[in-house]
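In what follows, a structure is listed as structure tokens, so that the remarks can point back to it.
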Amino acid sequence: MSSETKEQKQEETEEEFPKRYDPKVEEPHWQKFWDDNQISKFDPKDTTRKIFSIDTPPPTVSGKMHLGHAFGNSQQDFIARFKRMNGFNVLQPFGTDDNGLPTQTLIQKLKHVRAKDLGRTKFSKLCIETLENELKPTYLADWKRLGISCDFDVKYSTIDPHSRKVSQKSFIDLYNAGRQYRIDAPAMFCPHCKTAIAQVECEDKDIASFFNDIVFKITTEDGKEEELIIATTRPELLPACVAIFYHPEDKRFHHLRGKTAKVPLYDMQVPILEDKRADPQKGTGIVMCCTFGDQTDCEWQKAHKLPIIEAIGKDGKMTEVAGKYQGNSPEIARKLIIEDLKDSKLLLTQKPITHAVNVHERCETPVEFIQSKQWFIKYLDLKDKMLEWGNELKWFPHHMKNRYDNWVNCLAWDWCISRQIFFGIPFPVWYCKDCDEVILAKEEDLPVDPLEQKPPIDECPKCKCKEFIGEKDIINTWATSSLTPTIVKELFKGEPCYEKLKSEPMSLRPQGHDIISFWLFNTVVKSQLHHNMLPWNDCFINGWMLDPKGKKMSKSKGNVVEPQVMIEKYCADALRFMAAGCSLGEDLPFPEKELVAGTKTLNKIWNASRFALMHLENFDPNSIDKEKIESNLEVIDKWLISKLNKVIKAGTDSFEKHEFSKCRSETDKFFWQVFCDNYLELCKYRIYSEDIEPEKKLSAQYTIYKVLLATLKLYSPFLPHITEAIYQRFFKEFESDISIHISKWPKFEENLINETSENAGDLAVDIVGAIRKYKSENQLSLKSELPELNIDKPEFEDKINLVIADICAVTHAKGVKFGKLNKEPILTNEFGVGLYL
RNA sequence: GGGCCCGUGGUCUAGCCCGGCUAUGACAUCCGCUUGACUUGCGGAGGAUCCCCAGUUCAAAUCUGGGCGGGCCCACCA
Numbered sequence: 083m084s085s086e087t088k089e090q091k092q093e094e095t096e097e098e099f100p101k102r103y104d105p106k107v108e109e110p111h112w113q114k115f116w117d118d119n120q121i122s123k124f125d126p127k128d129t130t131r132k133i134f135s136i137d138t139p140p141p142t143v144s145g146k147m148h149l150g151h152a153f154g155n156s157q158q159d160f161i162a163r164f165k166r167m168n169g170f171n172v173l174q175p176f177g178t179d180d181n182g183l184p185t186q187t188l189i190q191k192l193k194h195v196r197a198k199d200l201g202r203t204k205f206s207k208l209c210i211e212t213l214e215n216e217l218k219p220t221y222l223a224d225w226k227r228l229g230i231s232c233d234f235d236v237k238y239s240t241i242d243p244h245s246r247k248v249s250q251k252s253f254i255d256l257y258n259a260g261r262q263y264r265i266d267a268p269a270m271f272c273p274h275c276k277t278a279i280a281q282v283e284c285e286d287k288d289i290a291s292f293f294n295d296i297v298f299k300i301t302t303e304d305g306k307e308e309e310l311i312i313a314t315t316r317p318e319l320l321p322a323c324v325a326i327f328y329h330p331e332d333k334r335f336h337h338l339r340g341k342t343a344k345v346p347l348y349d350m351q352v353p354i355l356e357d358k359r360a361d362p363q364k365g366t367g368i369v370m371c372c373t374f375g376d377q378t379d380c381e382w383q384k385a386h387k388l389p390i391i392e393a394i395g396k397d398g399k400m401t402e403v404a405g406k407y408q409g410n411s412p413e414i415a416r417k418l419i420i421e422d423l424k425d426s427k428l429l430l431t432q433k434p435i436t437h438a439v440n441v442h443e444r445c446e447t448p449v450e451f452i453q454s455k456q457w458f459i460k461y462l463d464l465k466d467k468m469l470e471w472g473n474e475l476k477w478f479p480h481h482m483k484n485r486y487d488n489w490v491n492c493l494a495w496d497w498c499i500s501r502q503i504f505f506g507i508p509f510p511v512w513y514c515k516d517c518d519e520v521i522l523a524k525e526e527d528l529p530v531d532p533l534e535q536k537p538p539i540d541e542c543p544k545c546k547c548k549e550f551i552g553e554k555d556i557i558n559t560w561a562t563s564s565l566t567p568t569i570v571k572e573l574f575k576g577e578p579c580y581e582k583l584k585s586e587p588m589s590l591r592p593q594g595h596d597i598i599s600f601w602l603f604n605t606v607v608k609s610q611l612h613h614n615m616l617p618w619n620d621c622f623i624n625g626w627m628l629d630p631k632g633k634k635m636s637k638s639k640g641n642v643v644e645p646q647v648m649i650e651k652y653c654a655d656a657l658r659f660m661a662a663g664c665s666l667g668e669d670l671p672f673p674e675k676e677l678v679a680g681t682k683t684l685n686k687i688w689n690a691s692r693f694a695l696m697h698l699e700n701f702d703p704n705s706i707d708k709e710k711i712e713s714n715l716e717v718i719d720k721w722l723i724s725k726l727n728k729v730i731k732a733g734t735d736s737f738e739k740h741e742f743s744k745c746r747s748e749t750d751k752f753f754w755q756v757f758c759d760n761y762l763e764l765c766k767y768r769i770y771s772e773d774i775e776p777e778k779k780l781s782a783q784y785t786i787y788k789v790l791l792a793t794l795k796l797y798s799p800f801l802p803h804i805t806e807a808i809y810q811r812f813f814k815e816f817e818s819d820i821s822i823h824i825s826k827w828p829k830f831e832e833n834l835i836n837e838t839s840e841n842a843g844d845l846a847v848d849i850v851g852a853i854r855k856y857k858s859e860n861q862l863s864l865k866s867e868l869p870e871l872n873i874d875k876p877e878f879e880d881k882i883n884l885v886i887a888d889i890c891a892v893t894h895a896k897g898v899k900f901g902k903l904n905k906e907p908i909l910t911n912e913f914g915v916g917l918y919l
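Counting in our numbering, the first sequence runs from 83 upward without gaps.
Given below as structure tokens:
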């Protein structure tokens, strides 16, 4: 070859396989390629392949992917890609959770409107338009930019007509099954947002307050007055006081049993009762029960059938029972009442305290309990079954099941699903104006909006009245998002895969540990109630991505790390590399240096591939006698292939258990230490030498091809972009698959495990290592030539003879001799081999 | 109050289920080298009472019990 053509050739290679890997160009390029070629397509017509279906967590609106998403979705994607390469028809849908209060709040803020000014219909329209046109496209772009292999054509929104239909049907089915009931009940209520809220929407907040010792008066049998001191933080609830409790074993108060006490400032007598929920240690040991100061008050009301006096109304203000305090907020009323108590000498002391108060997590307003008609799902009777269902699920990691069990064991209420907000899925229900009879929508009419549409009947079946009122409340978002498996499956109605999908649980639910008690739990409950089966076989619980100091990321703390910024600074593969390094379920402070390590790995993969492929120019794996080559492989090649197979085995086994991080670390170790640092060096002399026997060169080329391709495949779920970039540049020509991501996962070939070769190879590597150490300690260049190498273990002669050429080539030794020399060895290696020069 | 997880060189971490050589790797530090893919590289060095105490065992980072420390979930919070 003339020097001119050689240069030309060089340039061509450069262009085809540039010296540097540029993720900013490559990543978007391959993302488009996958889109165009529908690499992540779920095939609904395919009834032969096994389905692997993932109940992907639909992100809530905000329009931007945050690091937690990037982390969790990457991990989910590793599993999806692994399954795809293992021959599964993978269903990885893309949903968004646009339902409910978060959306309502966001849209109000973005559009500077108030939901109640527009009304439900107009406001909902605005929400949906903003979601579809402004927020979702950004979301989708973020997901694609990270290389998540969802089938983006399989999409849903928890507010779209399809989900509305599924959700409303769920309500009707549960109603017909007798599990849906509507009662007047104390429900947690946010006076600020003016809606009922569920237990899970509350959080604790420390608030400064006062313990007020208040005097209740009792008239004893002999006509004398006794004073009863009660400590309370909520004197404004005095008008709603319905009873006084002490602990049954608290002898101090036994004499009061059956008596009544007068409520200060109000002309009311309330009974004095026993209940073991009253704590003798707390306050004065005696407690007043008001409608509804807190959860215990609600329980007492139920247990002792106490009257209900509403002191706080649905507008968040004091009601008429509060007398002169009517119309004030509870906060103001409290101040006024305290003043009046002081004036009447009914307030003994005030002790400042800080106590945790249940507040609505979105607005931090203290939660009140108010009496109203709410829809509940009856499920407290199923606690034992719920525990069984939890046992049937396969948990990764297993200990996360404890949280589920803990939650079930602590359940105290049926599930309140009514919300008094504007944006969401309406109840498919009307009420008869006269008798309040419930009129359900017909299934074929779903989805319906009872505020816009008429009920399916003209007159009430009970009272023959012809007027109906549509339900104004909407269904809480969790009651819909707990239906995601059904929402996804129903998208395929009429497709060949539908029956199969419907008849079995989905394969996997990946999600964070923070929502085990609602999303996971509620999904299990709904799936069992509706379909009598688990929603999925496995659930995979990922941890939280914390800030670099290990604190929770939050906008208010200003410690949010944005994945988009990290992708820009490093690249998507680097971010995914990091996500692949964390073990299951563990929270993890954001390790930015893992992204640096990822970038280095990408560089190493690129360069090693570039080197390897440069020397495979005339190698065509399809026109060689594979069997002949395989039976005549050089020892060091067998050594490498044997080690590769062990990595394939370990990597595949751990991936099957969703322990992808082990697969990454095994691959890392093999690729970097075995393949690059040792093998490529050991085989160089065969590659470069002009006068080497062609078989020996071919053996190296065959090995490089095979091992590099397998390594890329092992890396491909984690690093989809760079592996594709290399596959397309070289391997595609010889392999039939249009993308590495739908090629076959490397197969473990037990017959290629070769302990003899591994021993010999390990010995060679060890001797090379010893020489490198010697040179390093003597500050010699690694290229410096050595005279003959003497090895004092003749029993290794056979083994070393197999790899002698490789050793000499790497250490630049002239040759190797065996036998003891009468001088100190330069060093001794771990095989007890003394080396002499 | 109930439950769960975690505690390993300066920092982060693997190993723990299933006990066994000199405890893994990354980053950082120091010394050296530039081997015809890679200064985003290569070789080497220093650096760990594996939280503490007790027990089981020939043998404990690993198993058991107790303690200390950190975190999370749930409940309570008159």
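Every residue gets a Cβ at the ideal spot worked out from N, C-alpha and C, and that includes glycine.
Computed from a predicted structure; not experimentally measured.
Residues near residue i in its chain [Cβ-Cβ closer than 8 Å; skip 5 each side]
i	result
Gly594	Pro139, Gly150, Gly154, Ile623, Asn624, Gly625, Trp626
Glu519	Tyr513, Cys542, Pro543, Lys544, Cys545
Leu616	Trp471, Glu474, Leu475, Pro587, Val606, Ser609, Gln610
Residues that DSSP places opposite residue i in a beta bridge
i	result
Arg163	Note: Arg163 sits in no beta bridge, so no partner.
Arg591	Cys621
Rounded C-alpha distance that separates residue i from residue j
i	j	result
Lys364	Lys433	13 Å
Val439	Phe293	14 Å
Thr378	Cys372	10 Å
Thr734	Ile723	16 Å
Ile311	Ala322	18 Å
Lys896	Asp118	56 Å
Ile300	Phe335	12 Å
Ala846	Lys857	17 Å
Lys582	Asp179	26 Å
His111	Cys758	28 Å
Arg591	Leu430	57 Å
Pro105	Glu832	37 Å
Ala792	Met660	21 Å
Glu446	Lys399	17 Å
Extent of the continuous alpha helix (DSSP H) to which residue i belongs
i	result
Ala267	Unbroken run through Ala267 is the beta strand (DSSP E), 262-272; no alpha helix (DSSP H).
Gln383	377-385
Pro412	412-425
Ser245	243-258
Ser239	Unbroken run through Ser239 is the beta strand (DSSP E), 237-239; no alpha helix (DSSP H).
Host beta strand (DSSP E) of residue i (start-end)
i	result
Leu450	Note that residue 450 is Glu in the sequence shown here, rather than Leu. From DSSP, the beta strand (DSSP E) with Glu450 extends over 450-459.
Lys344	342-344
Trp477	476-478
Phe327	323-328
Tyr513	511-514
Ala807	Counting along the chain, Ala807 falls outside any beta strand (DSSP E), though it belongs to the alpha helix (DSSP H) covering 802-811.
Gly177	176-178
Neighbourhood of residue i by C-beta, 7 Å cutoff - its chain only, sequence neighbours within 5 removed
i	result
Leu320	Val345, Pro346, Leu347, Tyr348, Ile419
Ser743	Ala662, Gly663, Cys664, Ser665
Leu469	Asp487, Val490
Val717	Ser839, Ala842, Gly843, Leu884, Val885
Arg768	Ile774, Lys778, Lys779, Ala782
Distance between beta carbons of residue j and residue i, contact taken as under 8 Å
i	j	result
Leu173	Ser231	Not quite, the Cβ-Cβ distance comes to about 11 Å (not below 8 Å), so this is no contact.
Thr240	Arg501	Not quite, the Cβ-Cβ distance comes to about 14 Å (not below 8 Å), so this is no contact.
Thr315	Ser291	5 Å
Val352	Val369	Not really, about 12 Å apart at Cβ, beyond 8 Å.
Phe451	Pro268	4 Å
Leu790	Ala694	5 Å
Leu428	Val530	Rounded, the Cβ-Cβ distance is 55 Å, inconsistent with contact.
Sequence-distant residues of its chain with Cβ nearer than 6 Å to residue i (five each side left out)
i	result
Gly395	Thr401
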